[in-house]
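Since the structure comes first, as structure tokens, the remarks are kept for the end.
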Amino acid sequence: MTRPASPAFGSLTAYLRGTPEARQAIRAALGVRTHPAPAPLRAAPQGANPGLVGTAFDYAFRFLLEGLNPGLTAVKGALIARAAALVLDCERTLAAVDEAETTLQEVAGGQPFEARHAHAAVVLASFEVVARTGRFAELVGVVPGAAREDVLGLVQAIPREAFRAERQLILNPRFAAAGRVGGADADVLLDDLLIEVKATRHLTLDGDYLQQLTGYLVLDRLGGTVGSQEPVRRLGVYYARHGVLQVLPVKDLYRPGLLPQLVSWFDESLPRL
Numbered sequence: 002m003t004r005p006a007s008p009a010f011g012s013l014t015a016y017l018r019g020t021p022e023a024r025q026a027i028r029a030a031l032g033v034r035t036h037p038a039p040a041p042l043r044a045a046p047q048g049a050n051p052g053l054v055g056t057a058f059d060y061a062f063r064f065l066l067e068g069l070n071p072g073l074t075a076v077k078g079a080l081i082a083r084a085a086a087l088v089l090d091c092e093r094t095l096a097a098v099d100e101a102e103t104t105l106q107e108v109a110g111g112q113p114f115e116a117r118h119a120h121a122a123v124v125l126a127s128f129e130v131v132a133r134t135g136r137f138a139e140l141v142g143v144v145p146g147a148a149r150e151d152v153l154g155l156v157q158a159i160p161r162e163a164f165r166a167e168r169q170l171i172l173n174p175r176f177a178a179a180g181r182v183g184g185a186d187a188d189v190l191l192d193d194l195l196i197e198v199k200a201t202r203h204l205t206l207d208g209d210y211l212q213q214l215t216g217y218l219v220l221d222r223l224g225g226t227v228g229s230q231e232p233v234r235r236l237g238v239y240y241a242r243h244g245v246l247q248v249l250p251v252k253d254l255y256r257p258g259l260l261p262q263l264v265s266w267f268d269e270s271l272p273r274l
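The numbering of the sequence shown is the numbering used here, which starts it at 2 and goes up by one.
See below:
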């Protein structure tokens, strides 16, 4: 396998998108892809913005997991929504984000998830959109009823027992080697299970999901996950619109002997920190 001459950096997603050699190396290491069993689709209400709902659900999911796993949260990253204070009125932005976070902390404390919590999650999502894009400032704090309803329904569909940890919960896990690809933003590490959340209509194990998860796995192997006491041994995709968590044991996902070779390939290809 050839080495990339000048890969595109900025994030793991950008690196994989701009480096065909990396995608090819991952495809060569992967074994047979298995798709989850069919399950009913929870369709979005008419008028619900998919991007806004997806981001809001990520927030709601994060706080719910805290409530399901009291005392096990090893690492909890800062809310990206706070970064909107860099481009909006600082005082008003932080006050609005603090209020929404305080509301969702009730869920982290074990209270049932209700419509007002969905409202708060959408508020945080609206600020995160501005933080990430620098656009749509006029929509911060605006909570369309369809988006609130959609988030509430997605949370109600979560199979709670599938997300109870035994040893550790790390929210938005960070990887010590992430700087080598420009950064990486994963969703959840539950014990040794690294989970990506997808609010897609399609209940299939997309090749892009496997590329992304493999990238996270390689970063974990190169330098570990910050705060984690164990390596990643399982990868997972949670299909939020179907209430399905697909778990993929690392030992079964790659061709025999090829994962160490893949990690070595990345280690030799990526710049040192």
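Virtual Cβ for every residue (Gly too), placed ideally from N, Cα, C.
{"Item": "Helix, strand or coil at residue 250 [DSSP, three-state]", "Value": "strand"}
{"Item": "Residue 111, enclosing beta strand (DSSP E) - first and last residue", "Value": "No beta strand (DSSP E) holds residue 111; DSSP gives it neither H nor E."}
{"Item": "Contact set for residue 132: own chain, Cβ-Cβ below 8 Å, skip 5 residues either direction", "Value": "81, 82, 83, 84, 85, 87, 88"}
{"Item": "Proximity of residue 219 and residue 58 at Cβ, strictly below 9 Å", "Value": "no"}
{"Item": "Residue 248 classed as buried or exposed, judged by whether at least 16 other C-beta atoms fall within 10 angstroms", "Value": "exposed"}
{"Item": "Bridge-paired residues (DSSP) for residue 235", "Value": "194, 250"}
{"Item": "Terminal residues of the beta strand (DSSP E) in which residue 171 lies", "Value": "170-172"}
{"Item": "Enclosing alpha helix (DSSP H) for residue 219 [first to last residue]", "Value": "208-224"}
{"Item": "Alpha-carbon spacing of residue 162 relative to residue 252, whole angstroms", "Value": "24 Å"}
{"Item": "Assigned secondary structure, residue 88 (DSSP; H/G/I helix, E/B strand, else coil)", "Value": "coil"}
{"Item": "Distance, residue 36 Cα to residue 182 Cα", "Value": "29 Å"}
{"Item": "For residue 76, the first and last residue of its enclosing beta strand (DSSP E)", "Value": "74-77"}
{"Item": "Beta bridge counterpart(s) of residue 255 as assigned by DSSP", "Value": "31"}
{"Item": "Contact check, residue 274 vs residue 178, beta carbons under 9 Å", "Value": "yes"}
{"Item": "Expected contact under 8 Å - CB spacing of residue 211 and residue 34 to nearest Å", "Value": "7 Å"}
{"Item": "Classification of residue 7 by the beta-carbon crowding that lies within 10 angstroms, buried from 16 upward", "Value": "At residue 7 the pLDDT is 45, less than 50, meaning the model places this residue with poor confidence and gives no usable figure here."}
{"Item": "Beta carbon of residue 70 nearer than 9 Å to that of residue 191", "Value": "yes"}
{"Item": "Candidates 109, 217, 200: closest to residue 68 by CA position", "Value": "109"}
{"Item": "Distance, residue 208 Cα to residue 39 Cα", "Value": "18 Å"}
{"Item": "Helix, strand or coil at residue 189 [DSSP, three-state]", "Value": "strand"}
{"Item": "From 145, 264, 254, residue whose alpha carbon lies closest to that of residue 32", "Value": "254"}
{"Item": "Bridge partner(s) assigned by DSSP for residue 245", "Value": "240"}
{"Item": "Own chain partners of residue 221 with C-beta closer than 7 Å, once the 5 adjacent residues on each side are dropped", "Value": "176, 232, 233"}
{"Item": "Close Cβ partners of residue 152 (< 7 Å) along its chain, the five nearest in sequence each way excluded", "Value": "54, 57, 58, 61, 119, 122, 123"}
{"Item": "N-terminal and C-terminal residue of the alpha helix (DSSP H) that residue 47 is part of", "Value": "Here residue 47 belongs to no alpha helix (DSSP H), and DSSP marks it neither H nor E."}
{"Item": "Buried/exposed call for residue 250, threshold 16 Cβ in 10 Å", "Value": "exposed"}
{"Item": "Residue 176 in three-state terms, based on DSSP", "Value": "strand"}
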